[in-house]
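Last residue of the sequence shown: 95 (the numbering used here), numbering continuous.
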Amino acid sequence: MPEAVERRAGSRRRRIPPHRYEEAVANAQRVIAAWIEQAEAMGRPIPDPKGRVMSA
40 MPEAVERRAG SRRRRIPPHR YEEAVANAQR VIAAWIEQAE AMGRPIPDPK GRVMSA
């Protein structure tokens, strides 16, 4: 399991527990998959990925 991820919020730093980070990544992946599915259903082009793809 990954260590807690440090995020900077304003002038304070806080640590995000690994389970929250993993949950956020999983939610983002579900949203992306749903967007692609809907775009395909509507006949819209799916853009090629840009930049570096990161996985959790």
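By construction, the Cβ of each residue, glycine as well, lies at the ideal position given by its N, Cα and C atoms.
Residue i: first and last residue of the uninterrupted alpha helix (DSSP H) it sits in
i: I71; result: P57 to A80
Whole-number beta carbon distance between residue j and residue i, since they are thought to touch under 8 Å
i: I71; j: I85; result: Going by Cβ atoms, the distance from I71 to I85 rounds to 11 Å, so no, they are not a contact pair.
Residue i classed as buried or exposed, judged by whether at least 16 other C-beta atoms fall within 10 angstroms
i: R59; result: exposed
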